[in-house]
Every structure is written in C-alpha cells, then in structure tokens.
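Trainee: Chains as they are written, first to last, in this note's numbering: chain A, 1 to 305; chain B, 306 to 610. Just so it is clear, CB atoms sit at the ideal spot from N, CA and C, and this is done for glycine as well. The following block contains the structure, expressed as structure tokens.
Number of protein chains: 2
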Amino acid sequence: MAHPLRGVYAPVITPFDRALAPDAERFTAHCHWLVSHGAGLAIFGTNSEAASLSVDERLHLTDHLLEAGVPADRLMPGTGACALSDAVTLTQHAVAQGAPGVLVLPPFFYKGVPEEGVFTYYSEIIERVGSDKLGIYLYHIPQMTQVPITMSLIERLLKRYPHTIMGAKDSSGDWSNSRAMIEAFAPSGFAVFPASESLLTASLPLGGAGCISATVNVNPAGIKALFDCWNTPEGAVLQDQADQIRKIFQAMPMIAAMKRTAAEHSGHADWARVRPPLCALDEEAASALRSALGAVGFRMEGYPR
Amino acid sequence: MAHPLRGVYAPVITPFDRALAPDAERFTAHCHWLVSHGAGLAIFGTNSEAASLSVDERLHLTDHLLEAGVPADRLMPGTGACALSDAVTLTQHAVAQGAPGVLVLPPFFYKGVPEEGVFTYYSEIIERVGSDKLGIYLYHIPQMTQVPITMSLIERLLKRYPHTIMGAKDSSGDWSNSRAMIEAFAPSGFAVFPASESLLTASLPLGGAGCISATVNVNPAGIKALFDCWNTPEGAVLQDQADQIRKIFQAMPMIAAMKRTAAEHSGHADWARVRPPLCALDEEAASALRSALGAVGFRMEGYPR
Chain A
1 MAHPLRGVYA PVITPFDRAL APDAERFTAH CHWLVSHGAG LAIFGTNSEA ASLSVDERLH
61 LTDHLLEAGV PADRLMPGTG ACALSDAVTL TQHAVAQGAP GVLVLPPFFY KGVPEEGVFT
121 YYSEIIERVG SDKLGIYLYH IPQMTQVPIT MSLIERLLKR YPHTIMGAKD SSGDWSNSRA
181 MIEAFAPSGF AVFPASESLL TASLPLGGAG CISATVNVNP AGIKALFDCW NTPEGAVLQD
241 QADQIRKIFQ AMPMIAAMKR TAAEHSGHAD WARVRPPLCA LDEEAASALR SALGAVGFRM
301 EGYPR
Chain B
306 MAHPLRGVYA PVITPFDRAL APDAERFTAH CHWLVSHGAG LAIFGTNSEA ASLSVDERLH
366 LTDHLLEAGV PADRLMPGTG ACALSDAVTL TQHAVAQGAP GVLVLPPFFY KGVPEEGVFT
426 YYSEIIERVG SDKLGIYLYH IPQMTQVPIT MSLIERLLKR YPHTIMGAKD SSGDWSNSRA
486 MIEAFAPSGF AVFPASESLL TASLPLGGAG CISATVNVNP AGIKALFDCW NTPEGAVLQD
546 QADQIRKIFQ AMPMIAAMKR TAAEHSGHAD WARVRPPLCA LDEEAASALR SALGAVGFRM
606 EGYPR
C-alpha cells in the first residue's frame, strides 16, 4: 500500500559529459550526498532537465542509482511524459524498483485540453500500472505545462483513486494556491509539497508535507534543519538562512546556476554543462554568483570531488 | 543533397486500437489513400498526436509504412522532441529510411529559453546526424510550444547550415508572419509552408511552397487541385470549396473531428479514438459535423473501408 510521503526533496540536477550524455557516476555521487544530508530524491523533475532526457536515459540512471546503493525508499522519480505510453513505462519501472512515490506531470504539448482528458491520462496510468504500491503525486507547474492541476481535478482523482493519489507538488509559486490545496485535501492525508523552502514556515503548520525545491540540491542540510526545527526557537533564523541562499539562486537561471555551483564545489567543470535548450552560465554571471554565495558563507559540506 | 520540397502535405492522423495502441494497418491504408490523391505525408505532426506517441511507436509506424510500399520520398516525418537524444534518434532514422525532409519542433517544455539554446538544439541534431541527405523544416507553432522560430533564428541557422535548413512550417496562423518568412527567405530557396490551405492563393504567388494542413487528411484531392490550379480560371472556386470544408473542421476540436469523419467514411468506429489528453467528439458534436459536411456535399472518394 502506498502512503503519503513527507520531507525535503531535491529535484536532482543531472550531470552531462562532454558528449552531453548523462554521467551516471557523478549523478549517483550527488544523490548519495543529498541523502546523507537528509534529502529525498525527486529525480527527473524540472530542475533535473527531465524533459531533455529520453525514456531510456531515465531508466538507466534509475537502475544505476539503485545498483550503487541509493535507497529506493528515498526516491520520488518524475515519470510524467507527453506520451501516455512513456508515462506508463516510466511509472511501472519506478514502482517495480521500489520507489514509494512518483511525481507525474500532465501531458504538456497540447494546450486548452479538457479536464476530462487530463483525468483520463492519470486514470490510464493508474489502471495500466495496476499496483497497490503506486503512489502518485500530481505535478502542478502551469508556467511550463500550461495544463494546470486544478482543485476539481484533484478532487475527482482522489475520489476515484483514494489509495493511489497521494499528493501534489505545487510549483505555481502562488502561495494562495498551495494553501488552498493544503486546506482542502491535507486533512484526509494528501501530501502537498510547495516548490520552495521559503514556504516551509508558512505551510508546515497548516499541514503541508515539506517541499520539493531546486535549492535542496545545494543546501540540503540547511533546508532539512528548517523542516525539522521550524517550530523551535531556531526556526526563524533557519528560515532566514535558507531564504538568503534561495534568493541568490533564484536571481539567476537556476538550473545553470546550481550546476555551476556543483562544478565549482566538486572541482569538475563538466558539472556546469546543460542540455539545450538551456544554456550554461556565462563567466560574468558565474562570478557574480560566486561572490553572492561567498558573502553569505555558503558551503557544500563534504561535497564529492 | 537535400532539396526544398513543395506541395500539399497532411499531418497524418494516427489511428488507435481499443488498447490505445497505434493501428499500423489502418495508418498505412490512410497514407496510401492520401498519396493517391496527391498529398505528401507529414507523419507525426501536431494533428498526428505525435507528442502522445513514444519514440518506439513512431519508429515502428514509419517502418511499417515503408514495408507496405508507401514511397519514402513522400514523407516529411516530425522528428522534434523535448529531449535532444530523442530528436537525434528520430531524425537519424528518417534520413536512413529515405525521407527527403523532416519537420522539427523546438524543445517545448522549458519556456523563456534563450535563442542560443534553441540554435544549439538544432545545431546538435544536424551535427550528430551528419548527413548531406538531411533536410530540416523548422516547425513554428508558438501556441503549443511557446518557443518561437524567430526570423533571427532562421537567419542564423540558414547562414550556418545552408544545405540542411530547407524551410519552415508556420502554424502561427498569423499571415503577416508567414508572409515575412516567405519574403525574407523564399528568394534563396527556403520553403515556407503555412498550416492552412486557406492561405494557398495568397502565399503561392509570393513564393510559398504549399501547405502542411490538418484538413489535407480529409480533403487531399480538393487541396491538391487548388495547389495545382490556383492561378487558373478555376482558382477562386477551388479556394472557396476548400475553405468551406476547412471552416467546418476548424469550428470543432479538429483532430477529434477529422478522426470521427474517418471513422464514419471508413465504417471503422475505432478511427474516432484519440489518446489523452485529447477527447473524442461527443455524439452531439459528431451529428453537427455530419450535417455541416453533408450540406456542402463533402465526400472522401475511395476512402479505404
């Protein structure tokens, strides 16, 4: 049986080698580091450049992680795709490999589609995977998909599949939307993950489940401490510290900025590479980023070199 | 060497069986019928629900067509994908199978990406395929992708790859944009295909290359006659007739409406099926469609049953 997850998840950044192929070794090392600092692994999210990876690349990276001893129970792979057939392949594999949750984008090529069609997409995935171990987290990121996960869609899916629909990631950046999701559905166990640690202090007391946030890739320990201690005397300071780091990355193209930071802290310049259509940071931006992070004493403790 | 193509192309609709799997036999029969009425085959376009197909499904359907004797020189497969690796796989296959052109979407998940990143995507495809037989048609459909094929991108790609960048499909629906593309680039041989036969009489005298239009799926002979005879005394009547049919389909969800029409004219109800997130026409809409088509004497001459 699936159960709702809680905690602090990184949409894990994906390293590429000189041929732009995924670097499974470096990916695994990054995942081990994240887990050791208390983070869960939302591999193949937006910040993972998942849309820029083929299905086979995603399957191979997942297998490599598990063979290298990354614990399956820390995984929440992104398994959504425009093609139902791809989403089913990825979701089946994640469940078979022991992932306790999957984060599923709606199909995002066609716009203005009827809610009925989005419902059918999720319904077909659930019926075809056909496993009581499947726990689905709906991925609301309308600025990329233009296909929203509406309150009425959640309600309808929850009613039909109460033991499979476990929660949602809200990447809208609209706190009133996250709050509405939490207030409406968290009381019955639905796990709502806003996409930023900056909302932890606001969302956790209402019943939020944590966060799935880009910057967990670079600040897992700080964000995990905030998640654990938001309601202690240290809470406000931890929130401030996390917000400071978040703001620095948010002022830049975030994926490129995080990868450049991983490159500098690992000593491997290859980490800075992104797949098109994204572009790596230029040297001027990289220098500004380095200065801003230096000014707040940013560190990546024990980061694999 | 690639050469610019001309003519009337159908973004071929894709039939699905009861399990929502592509029906290769019916797909092939539809393609044979289109070719016999003078249409080229832009398989795996937007109207083909290409985004809803996996890479393997697209490869298999292409192979099946060719094994069944559909001429490779009538193919312009859609080979764009969010993942560079997928776009390369699909493009390599199309070139190896003898397709004289491929229609390539920009990667469409990330929004607001730099033009440099889109340039790099096309550049990587061209370099990796590495064939002088590759002819690329850039696919501008900003209402779905939100990632435009700008005039400056075309200019830059043409300058770097003059023997590979053969043309563009303009699905913006903005005639001033199609005209600007034609005026700027057609004189040097660049083939511009607006996405509607309703623009044939306007675009052909300026140097347009034809059209890649949804309704070629249901009205290939009428649109081919218009393409051939727009500048004869019959031209105005042919344009009117084509426009009448176009308008009827355009007033509905077009993919579902064309598939329902194929279902009724073939006697195979399965043709009406779409993959989620699209929805099939309901009976009320189907009835209105049938009446409207009947009123203009619509027929699909010799359509395979």
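Going along the chain, which residues of its own chain have a beta-carbon closer than 6 angstroms to the beta-carbon of B/I619, five neighbours each way excluded?
Mentor: In the structure as shown, chain B starts at 306 and stops at 610, and residue 619 of chain B therefore has no counterpart that could be examined.
Trainee: Does the beta carbon of B/G406 come closer than 9 angstroms to any beta carbon on chain A?
Mentor: Here residue 406 of chain B refers to the residue found at position 101 of the second sequence. For B/G406, the answer is no, since every Cβ of chain A falls outside 9 angstroms of its Cβ.
Trainee: Would you please verify whether the beta carbon of B/A591 is less than 9 angstroms from any beta carbon of chain A?
Mentor: Locating residue 591 of chain B in the second sequence gives position 286, counting from the first residue. No, its Cβ sits nowhere closer than 9 angstroms to a Cβ of chain A.
Trainee: Could you pull out every residue in the same chain whose Cβ sits closer than 8 angstroms to the Cβ of A/L134, ignoring the five residues on either side in sequence?
Mentor: Against the first sequence, residue 134 of chain A aligns to sequence position 134. Cβ within range, chain order: A2, T91, V95, V102, I126, T164.
Trainee: Which stretch, first to last residue, makes up the alpha helix (DSSP H) that contains B/V579?
Mentor: Position 274 of the second sequence, counting from 1, holds the residue named residue 579 of chain B. Unbroken run through B/V579: none, as it is neither H nor E.
Trainee: Report the three-state DSSP secondary structure of A/P22 (helix, strand or coil).
Mentor: Residue 22 of chain A sits at position 22 when you count from the first residue of the first sequence. If DSSP states are grouped into helix, strand and coil, A/P22 belongs with the strands.
Trainee: Which of the three DSSP states is assigned to A/H140 in this structure?
Mentor: Stepping through the first sequence from its first residue, residue 140 of chain A is reached at position 140. A/H140 carries a strand assignment under DSSP once its states are collapsed to helix, strand and coil.
Trainee: For A/P11, count the other beta carbons within 10 Å of its own beta carbon; 16 or more makes it buried, fewer makes it exposed. Which is it?
Mentor: Residue 11 of chain A sits at position 11 when you count from the first residue of the first sequence. Its Cβ being crowded by 16 or more others within 10 Å, A/P11 is buried.
Trainee: What residues in the region 63 to 84 of chain A bring their beta carbon closer than 9 angstroms to a beta carbon of chain B?
Mentor: A81, C82, A83, L84
Trainee: Any idea which residues DSSP pairs B/I560 with across the strands?
Mentor: Locating residue 560 of chain B in the second sequence gives position 255, where the first residue counts as 1. BP columns for B/I560 are empty, so no partner.
Trainee: With three or more C-beta pairs closer than 8 angstroms as the rule, is the region 332 to 341 of chain B touching the region 67 to 75 of chain A?
Mentor: no
Trainee: Using a beta-carbon distance below 9 angstroms, is B/G350 in contact with chain A?
Mentor: By one-based count along the second sequence, residue 350 of chain B stands at place 45. So no, B/G350 is outside the interface.
Trainee: Does the pairing of the region 318 to 329 of chain B with the region 284 to 296 of chain A give three or more beta-carbon distances under 8 angstroms?
Mentor: They do not touch, by the three-pair rule.
Trainee: By the 9 angstroms beta-carbon criterion, what residues does the region 116 to 134 of chain A contribute toward chain B?
Mentor: E116, G117, V118, F119, T120, Y121, Y122, S123, E124
Trainee: Would you report the Cα separation of B/I441 and B/L410, rounded to the nearest angstrom?
Mentor: Here residue 441 of chain B refers to the residue found at position 136 when the second sequence is read from its first residue. Here residue 410 of chain B refers to the residue found at position 105 when the second sequence is read from its first residue. Between B/I441 and B/L410, the C-alpha separation is close to 10 angstroms.
Trainee: Have a look at B/R433 and A/N231 and give me their C-alpha separation to the nearest angstrom.
Mentor: Locating residue 433 of chain B in the second sequence gives position 128, where the first residue counts as 1. Locating residue 231 of chain A in the first sequence gives position 231, where the first residue counts as 1. Taking the straight line joining both Cα atoms gives about 54 angstroms.
Trainee: Quick check for students: name the residue ranges of the beta strand (DSSP E) that lie wholly in the region 75 to 122 of chain A, counting only runs of 3 or more.
Mentor: Unbroken beta strand (DSSP E) runs of no fewer than 3 residues, entirely contained in the region 75 to 122 of chain A, are found at 102 to 104, following chain order.
Trainee: Answer with yes or no whether the minimum CB distance from A/Q143 to chain B is below 9 angstroms.
Mentor: Here residue 143 of chain A corresponds to residue number 143 of the first sequence, with the count starting at 1. Answer yes: the Cβ-Cβ gap between A/Q143 and chain B drops below 9 angstroms somewhere.
Trainee: Specify, as a first and last residue, the run of the beta strand (DSSP E) that B/M456 falls within.
Mentor: Sequence index remark: in the second sequence, residue 456 of chain B carries index 151 (1-based). It is not in any beta strand (DSSP E) - B/M456 instead sits in the alpha helix (DSSP H) that spans 456 to 465.
Trainee: For B/Y427, tell me which candidate among B/L443, B/A356, B/Q549 has the shortest Cα-Cα distance.
Mentor: The residue you call residue 427 of chain B lines up with position 122 of the second sequence. Closest by alpha carbon: B/L443.
Trainee: So for A/I43, helix, strand or coil by DSSP?
Mentor: For the purposes of this step, residue 43 of chain A is identified with residue 43 of the first sequence, where counting begins at 1. Note: A/I43 maps to coil in three-state DSSP.
Trainee: How far does the beta strand (DSSP E) with B/G527 in it reach, from first residue to last?
Mentor: As a position in the second sequence, residue 527 of chain B is number 222, starting the count at 1. Where B/G527 is concerned, there is no enclosing beta strand (DSSP E), although the alpha helix (DSSP H) it sits in stretches over 525 to 534.
Trainee: For a quick check, are the C-beta atoms of A/V113 and A/L153 less than 9 angstroms apart?
Mentor: Counted from its first residue, the first sequence places residue 113 of chain A at position 113. Counted from its first residue, the first sequence places residue 153 of chain A at position 153. No. Outside cutoff.
Trainee: In chain order, what residues of the same chain have a beta carbon less than 7 angstroms from the beta carbon of A/R275, not counting five sequence neighbours either side?
Mentor: Counting from 1 along the first sequence, the entry for residue 275 of chain A is found at position 275. Result list for A/R275: F16, L20, E49, S52, in chain order.
Trainee: Mind reading off the beta-carbon distance from A/L5 to A/M76? Whole number of angstroms is fine, and I expect it under 8 angstroms.
Mentor: For the purposes of this step, residue 5 of chain A is identified with residue 5 of the first sequence, where counting begins at 1. For the purposes of this step, residue 76 of chain A is identified with residue 76 of the first sequence, where counting begins at 1. Yes, A/L5 and A/M76 are in contact; Cβ-Cβ is about 7 angstroms, under 8 angstroms.
Trainee: How far does the alpha helix (DSSP H) with B/M471 in it reach, from first residue to last?
Mentor: In the second sequence, residue 471 of chain B corresponds to position 166, counting from 1. Here B/M471 belongs to no alpha helix (DSSP H); instead the beta strand (DSSP E) covers 470 to 475.
Trainee: With 9 angstroms set as the bound, which would you pick, yes or no: does the beta-carbon of A/D86 sit closer than that to a beta-carbon of chain B?
Mentor: In the first sequence, the residue the question calls residue 86 of chain A occupies position 86. Output row for A/D86: interface = yes.
Trainee: Cutting at 8 angstroms between CB atoms, please list the residues of its own chain near A/F109, excluding the five before and the five after it.
Mentor: Along the first sequence, read from residue 1 onward, the residue named residue 109 of chain A stands at position 109. C82.
Trainee: Among A/D240, A/Q241, A/L278, A/A242, whose alpha-carbon lies nearest the alpha-carbon of A/I255?
Mentor: Locating residue 255 of chain A in the first sequence gives position 255, counting from the first residue. Residue A/L278 is the option with its Cα nearest to A/I255.
Trainee: Taking Cβ to Cβ, would you say B/E502 is nearer than 9 angstroms to B/T455?
Mentor: Against the second sequence, residue 502 of chain B aligns to sequence position 197. Against the second sequence, residue 455 of chain B aligns to sequence position 150. No, Cβ-Cβ distance for B/E502 and B/T455 is not below 9 angstroms.
Trainee: Give the interface partners of A/C279 over in chain B, defined as CB-CB distance under 7 angstroms, in chain order.
Mentor: Stepping through the first sequence from its first residue, residue 279 of chain A is reached at position 279. In chain order: P419, E421, G422.
Trainee: Kindly indicate which three-state DSSP category A/P194 falls into: helix, strand or coil?
Mentor: For the purposes of this step, residue 194 of chain A is identified with residue 194 of the first sequence, where counting begins at 1. Correct three-state label for A/P194: strand.
Trainee: Across the region 238 to 251 of chain A and the region 217 to 228 of chain A, are there enough close Cβ pairs to call them in contact, namely three or more that are closer than 8 angstroms?
Mentor: yes
Trainee: If you measure between the beta carbons of B/R565 and B/L531, is that distance less than 9 angstroms?
Mentor: For this step, residue 565 of chain B is matched to residue 260 along the second sequence. For this step, residue 531 of chain B is matched to residue 226 along the second sequence. Cβ atoms of B/R565 and B/L531: not closer than 9 angstroms.
Trainee: Under 8 angstroms Cβ-Cβ, which residues of chain B neighbour A/K259?
Mentor: Start at 1 with the first residue of the first sequence, and residue 259 of chain A comes out as number 259. Simply none; closest approach about 14 angstroms.
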